[in-house]
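Residue numbers (the working numbering): -12 to 100.
Below: one structure, written as structure tokens.
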């Protein structure tokens, strides 16, 4: 069933990997190796992008709560709306903060991730 596996690889959508360069929980090299492993297995479309200044949980916790520009959203919008030129050119606004930034800074400093 190697033939079936190879056929399945060709049907996969493009895979995007995002990793913050300030991640101290999971080394960025893990994502680099994961991309290589996917390609070795026959996955043809794998894109790896580094999120400058982002730690392990920043893209999914701190950035949305902090508000302002969100580096992950800025990367995802062009991917999601690539086939819709009207939406692709839509400006990605800045979100409002969900909580006091002092509290968020303290939580970020003591969070184990």
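C-beta: ideal position from N, C-alpha, C; glycine also.
Hey, could you find the ends of the alpha helix (DSSP H) residue i is sitting in?
i, result
"residue 89", "88 to 97"
"residue 25", "15 to 27"
"residue 52", "50 to 53"
Roughly how many whole angstroms lie between the Cα atoms of residue i and residue j?
i, j, result
"residue 71", "residue 34", "20 Å"
"residue 98", "residue -1", "35 Å"
"residue -5", "residue 25", "13 Å"
"residue 81", "residue 44", "19 Å"
"residue 12", "residue 86", "24 Å"
"residue 64", "residue 58", "10 Å"
"residue 14", "residue 73", "37 Å"
Could you spell out where the beta strand (DSSP E) holding residue i opens and where it closes?
i, result
"residue 63", "Taken as a continuous stretch (DSSP letters only), residue 63 belongs to no beta strand (DSSP E), being part of the alpha helix (DSSP H) at 58 to 67."
"residue 32", "From DSSP, residue 32 is part of no beta strand (DSSP E); its letter is neither H nor E."
"residue 43", "Premise fails: residue 43 is in no beta strand (DSSP E) and is neither H nor E."
"residue 4", "2 to 7"
Going by Cα to Cα distance, which pick from the options is closest to residue i?
i, options, result
"residue 27", "43, 59, 9 and -7", "-7"
"residue 21", "60, 31, -10 and 4", "4"
"residue 90", "69, 62 and 49", "49"
Let me check one thing: in DSSP terms, what residues is residue i bridge-paired to?
i, result
"residue 82", "55"
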